[in-house]
Amino acid sequence: MGRFIRRRGTGPSRAGEGRRRNRMDRRGDGSCRGLGRDCIRGFINSVCWIRKKSFDTGLLCTGGQDSLIQVVSLTAPDAPPRTLLGHGHNVCCLHASADGKRLASGSWDCTARIWDVESGECLQVLTDHTAAVWDVLCIDVKGYEGTVVTACADGLIRSFRDGQRKQLFKGHEGPVRALAKITPEVTDGLMFASASNDGTIRIWHLDGTELNVLDGHDSFIYSLVSIPSSSNGGLASSGEDGIIRIWNEEDGGLDQEVLVPPLSVWALTTLADGDLACGCSDNCIWVFTRDDVRRGADEGTRVAYESGLKERERMQKLKAGMDGGKNEMPKVGKVEELEDAGTKQGEVKLVETETDGVHAFMWDGSTWEDVGQVVSEPLSSPASKPTERMQHEGVEYDYVFSIDTKDDEPPLKLPYNIGDDMHETAAAFIKQHSLPESYTSQIVDFIKASSS
């Protein structure tokens with residue numbers, strides 16, 4: 001199996017551009033074509049491309065916080081989009097059938113809906129869910145024609161046909177976030193994959209049988225995509241650890257780990273040429289290839305990629321040096337201590353400066369490098385569980401906090417269980433609501449204060 005590396009740009013590049021794509025790259029050269037936002041309120045949280053001969057270049061479907069699905073024809077981008085009405089909350093996932101006739105959608109309103117693409121009519125409402133529907137998958141193989149599989153925050157996967165539930169897939173121990181067909185180009189393929197907050201990927205037969213468990217992620221998994229056999233195949237997964245993992249769909253083995261500069265890799269897709277694209281928390285789309293012809297990124301992309309990885313590695317070393325793997329803050333020393341050499345590379349000392357409070361210094365082998373100011377946190381005993389658990393989107397939690405992000409909008413709900421990683425919880429909340437990453441530390445501090 002070939003290995004993915006950064007893809008070389010095909011057009012002029014500037015620092016920070018190259019193969020990092022933004023918005024719509026219609027021509028494949030990194031350029032973008034904007035679409036109007038006049039018809040959309042709030043964040044867009046799901047997109048789907050429908051290829052169908054009767055629509056020439058195809059249709060672009062979007063869903064978001066306003067509970068609406070907008071369908072745009074790219075042959076007439078200035079024409080008003082068609083709006084599909086029905087959901088009562090954020091539309092967080094979309095998927096079209098292979099023939100382009102049906103569109104499936106999932107929402108925080110605990111339903112999935114099946115739409116007729118031509119007429120815009122809602123054909124079915126799938127109501128068996130007890131929490132938000134995080135992903136949907138249209139199945140068109142023989143014996144399962146018209147089947148739709150849903151992934152739910154209640155930890156269950158369901159399959160529906162003709163509006164009725166046919167199978168219940170149990171195995172995950174957390175909300176199920178992503179679904180993907182295994183070898184989707186195979187017309188009689190009967191397998192699909194699912195990914196969950198429990199950090200596992202599971203392979204299923206459509207009859208409900210669990211076939212395999214892939215365990216390798218250290219945190220939430222956000223996205224799955226099957227790589228075409230024409231590009232040597234495989235199953236790609238990404239999440240909150242900054243690594244895209246490429247799995248062998250036949251034996252479940254881990255074939256490759258692709259490092260990405262940001263920690264949050266929210267979305268994956270394969271391009272028409274078989275390359276792998278990922279949407280990340282650094283506001284960029286990174287593209288990787290197995291093709292020898294396209295290997296070797298342009299200078300701007302290469303510099304951005306390598307510097308991003310170095311910065312991430314530095315921050316990881318800093319964290320490891322500060323707590324020694326014990327989640328404990330080291331003692332604060334005096335500036336004079338920096339006159340002594342460090343005992344090992346990556347060692348971190350906290351020092352009280354004369355003018356700017358406590359700073360962290362890391363030993364690089366020859367000098368102490370100032371890596372930034374430190375805001376100390378008070379020591380506290382482990383938080384105790386509340387006497388009554390609270391519900392959010394059909395799931396029970398120890399706490400459901402209200403977070404105000406805008407004065408003119410209602411607060412957002414942040415669920416949290418004692419023992420959960422606060423940084424992962426904050427990162428997932430930020431991703432879910434498309435908030436700036438700069439909010440992370442504030443949200444973590446809020447969780448600490450509110451749950452202590």
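Position 367 of the sequence shown, counted from 1, bears residue number 367 in full-length UniProt numbering, the numbering being contiguous throughout.
Quick reminder that beta carbons are idealized off the backbone N, C-alpha and C, glycines included.
Remember, predicted model here, so these are calculated numbers, not experimental data.
Measure the beta-carbon distance from P261 to Y305 and round it to whole angstroms, keeping in mind my assumption that it falls under 8 Å.
Correct: roughly 6 Å between the Cβ atoms.
Start and end of the beta strand (DSSP E) containing A180?
Element bounds for A180: V176 to K181.
Short of 8 Å in beta carbon distance, which residues of its chain neighbour D282, apart from the five on each side in sequence? Order them along the chain.
Contacts found: P261, P262 and G308.
Going by Cα to Cα distance, which pick from N45, V358 and A96 is closest to R51?
Considering only alpha carbons, the answer is A96.
DSSP on V444, reduced to helix/strand/coil?
Helix, per DSSP.
Would you call the CB atoms of T289 and V225 closer than 7 Å?
No, the Cβ-Cβ distance between T289 and V225 is not below 7 Å.
Could you give the residue range of the beta strand (DSSP E) that holds A360?
V358 to W363 is the span of the beta strand (DSSP E), which, as asked, contains A360.
Under 8 Å Cβ to Cβ from L338, same chain only, skipping five residues before and after it: list those, please.
So the list reads K349, V351, F361 and W368, once near-sequence residues are dropped.
Going by other Cβ atoms of all chains shown within 10 Å of its Cβ, with 16 needed for buried, is S230 buried or exposed?
With fewer than 16 Cβ atoms within 10 Å of its Cβ, S230 is classed as exposed.
Exposed or buried, E250, counting other C-beta atoms within 10 Å across all chains shown (16 or more means buried)?
By the neighbour-count rule (16 or more Cβ atoms within 10 Å), E250 is not buried but exposed.
Classify D215 as helix, strand or coil using the three-state DSSP reduction.
Here D215 sits in strand by DSSP.
Compute the distance between the beta-carbons of G155 and G174, then report whether it is under 7 Å.
Yes. Within cutoff.
Going by CA-CA distance only, name the one from G143, S223, P184 and V176 that's closest to K166.
Answer by Cα proximity: G143.
Look at A426 and I443 and say whether their C-beta atoms are less than 7 Å apart.
Yes, the pair counts as a contact, with Cβ atoms nearer than the cut-off.
Just to confirm, are F43 and G63 a CB contact at a threshold of 7 Å?
Not in contact: F43 and G63 (Cβ atoms no closer than 7 Å).
What's the C-alpha gap between L168 and D398?
Rounded to the nearest angstrom, the two C-alpha atoms are 27 Å apart.
DSSP three-state call for I430: helix, strand or coil?
Three-state result, I430: helix.
Please report the straight-line C-alpha distance between V117 and G100, rounded to a whole angstrom.
Rounded to whole angstroms, V117 to G100 spans 7 Å at the Cα level.
Quick one: what's C138 bridged to in DSSP?
BP columns for C138 point to V148.
Based on the DSSP secondary-structure assignment, which residues constitute the bridge partners of G64?
According to DSSP, which records beta bridges pairwise, G64 is partnered with I44.
Please name the residue in I447, L414 and T405 whose C-alpha comes closest to that of P436.
Closest option to P436, Cα to Cα, is T405.
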